[in-house]
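Data block below; observations after.
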Amino acid sequence: IAEDVGLRFAGESAEEAEDFIQAVNKRAYAAGKHKDNAWIADFAYPFFSRKALRWYDNLDEATQNDWKLLRSAILAEFTGQQPTPSAVPSAAPAVTSASWRYTPAAPPPPALVKMTGRIRVDCEEPNGRGYLAIPKKGGEEERLVIKAYSKGETLSSGTSSYGLITRSSTERGSQWSSTWSVKGDSNLLTSSLQADGRQCDAQFVIDTDTPGNIIHVPADLHQFWAQYNGYALATLHFEPMS
512 IAEDVGLRFA GESAEEAEDF IQAVNKRAYA AGKHKDNAWI ADFAYPFFSR KALRWYDNLD
572 EATQNDWKLL RSAILAEFTG QQPTPSAVPS AAPAVTSASW RYTPAAPPPP ALVKMTGRIR
632 VDCEEPNGRG YLAIPKKGGE EERLVIKAYS KGETLSSGTS SYGLITRSST ERGSQWSSTW
692 SVKGDSNLLT SSLQADGRQC DAQFVIDTDT PGNIIHVPAD LHQFWAQYNG YALATLHFEP
752 MS
């Protein structure tokens, strides 16, 4: 298929693994199959090659047939990111007592590290690529946060609500997130949105039809695309500066 010529995964680097997962996710969203883990796993299989293909052939069948398990296995093998317990298949269910159940202690929160750098925006549309610009304001100590576009909007799955990346002092809707993480060899910048007790990994889109290429953060990407046109997926990458 001509549009999938560049979709290959040889297992050469962490950045290649992350880019492959993102590319497969894009195809699944475009096909309306983003919630069908079996379909996505079957779709991804032909694009494994070389080292990645040899690794794939040694996986158990359950992992090969479930994209959620497969993508976690890819990240664990090729980026060093450990899969979450819910994404690891087990051979048999654990035996528990009706009166007592072991609950592992929650891991300590990661230490916050102050880093100086700039944020590169990568996008499938060339005019959406560049660097994130946040205007300064009066020398105040500013944070980069995600806020709802309008007051009263919340982070709710199944809605077309969306937020913006902005300064902490900007007058917008409720703050969705101020927590950022840098992951992998490509320094992928991610944020775990938090609102109304919910958490989800932020995904970013760019308005390629409007001057300034504003980055939006949909609460539900599928619902957002069903209502709005002229947007392209984007990824953010942190570039350290001395």
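Its first residue numbered 512, the sequence shown is counted upward by one per residue in the numbering used here. Cβ coordinates follow ideal geometry from the N, Cα and C atoms, glycine included.
Problem set entry | glycine 543 versus aspartate 731: straight-line alpha-carbon distance, rounded | For the purposes of this step, residue 543 is identified with residue 32 of the sequence shown, where counting begins at 1. For the purposes of this step, residue 731 is identified with residue 220 of the sequence shown, where counting begins at 1. Each residue's Cα considered, the two are about 14 Å apart.
Exercise. Got a sec, what are the start and stop residues for the alpha helix (DSSP H) aspartate 733 sits in?
Worked result: Within the sequence shown, the letter at position 222 stands for residue 733. According to the sequence as given, residue 733 is histidine; it is not aspartate. It spans 732-738 - the alpha helix (DSSP H) in which histidine 733 sits, taken as one unbroken run.
For this session: Within the region 658-717, note down every full beta strand (DSSP E) run reaching 3 residues or more, in order along the chain.
Result: 673-678, 686-688, 691-694, 699-706 and 709-712
Exercise. Which residues share a DSSP beta bridge with isoleucine 630?
Worked result: As a working note, residue 630 is residue 119 in the sequence shown. BP columns for isoleucine 630 point to Phe749.
Problem set entry | Start-to-end residues for the beta strand (DSSP E) that takes in isoleucine 726 | Counting from 1 along the sequence shown, the entry for residue 726 is found at position 215. Unbroken beta strand (DSSP E) run through isoleucine 726: 726-729.
For this session: Please report the residue range of the alpha helix (DSSP H) in which arginine 582 lies.
Result: Working through the sequence shown from its first residue, we reach residue 582 at position 71. Taken as a continuous stretch (DSSP letters only), the alpha helix (DSSP H) holding arginine 582 covers 578-589.
Exercise. Could you give the distance in angstroms between the alpha-carbon of leucine 699 and the alpha-carbon of alanine 525?
Worked result: If you number the sequence shown from 1, residue 699 lands on position 188. If you number the sequence shown from 1, residue 525 lands on position 14. Leucine 699 and alanine 525: Cα-Cα distance of roughly 11 Å.
For this session: Let me know the secondary structure DSSP gives alanine 534 once reduced to three states.
Result: Locating residue 534 in the sequence shown gives position 23, counting from the first residue. Helix, per DSSP.
Problem set entry | Rounded separation between threonine 627 and glutamate 750 - CA only | Within the sequence shown, numbered from 1, the residue matching residue 627 stands at position 116. Within the sequence shown, numbered from 1, the residue matching residue 750 stands at position 239. If I take the Cα positions, the gap works out to 9 Å.
Problem set entry | CA nearest to the CA of lysine 562, picked from Thr670, Arg683, Glu588 and Ser668 | Counting from 1 along the sequence shown, the entry for residue 562 is found at position 51. Checking every option, the nearest Cα to that of lysine 562 belongs to Glu588.
For this session: Note down the Cα distance separating threonine 701 from serine 692, rounded to an integer number of angstroms.
Result: Here residue 701 refers to the residue found at position 190 of the sequence shown. Here residue 692 refers to the residue found at position 181 of the sequence shown. If you take the alpha carbons of threonine 701 and serine 692, they lie about 5 Å apart.
Exercise. Going by beta carbon distance, what residues of the same chain come within less than 6 Å of serine 685, once the five residues before and after it are set aside?
Worked result: Within the sequence shown, the letter at position 174 stands for residue 685. Cβ within range, chain order: Ala659.
Problem set entry | Start-to-end residues for the alpha helix (DSSP H) that takes in asparagine 548 | The residue labelled residue 548 in the question sits at position 37 within the sequence shown. Element bounds for asparagine 548: 548-555.
Exercise. Can the beta-carbon of alanine 767 be found less than 8 Å from the beta-carbon of glutamate 664?
Worked result: Residue 767 is absent from the structure shown; the chain starts at 512 and stops at 753.
For this session: Less than 8 Å between the CB atoms is what I'm expecting for serine 790 and histidine 733, so what's the real figure, rounded?
Result: Since the first residue of the chain shown is 512 and the last is 753, residue 790 is not available in this structure.
For this session: Taking arginine 565 as part of the alpha helix (DSSP H), name the residues at either end of that continuous run.
Result: Here residue 565 is taken as the residue at index 54 of the sequence shown, counted from 1. Counting along the chain, the alpha helix (DSSP H) containing arginine 565 begins and ends at 561-568.
Problem set entry | Coarse secondary structure for alanine 573, derived from DSSP in three states | Taking the first residue of the sequence shown as 1, we reach residue 573 at position 62. Helix at alanine 573.
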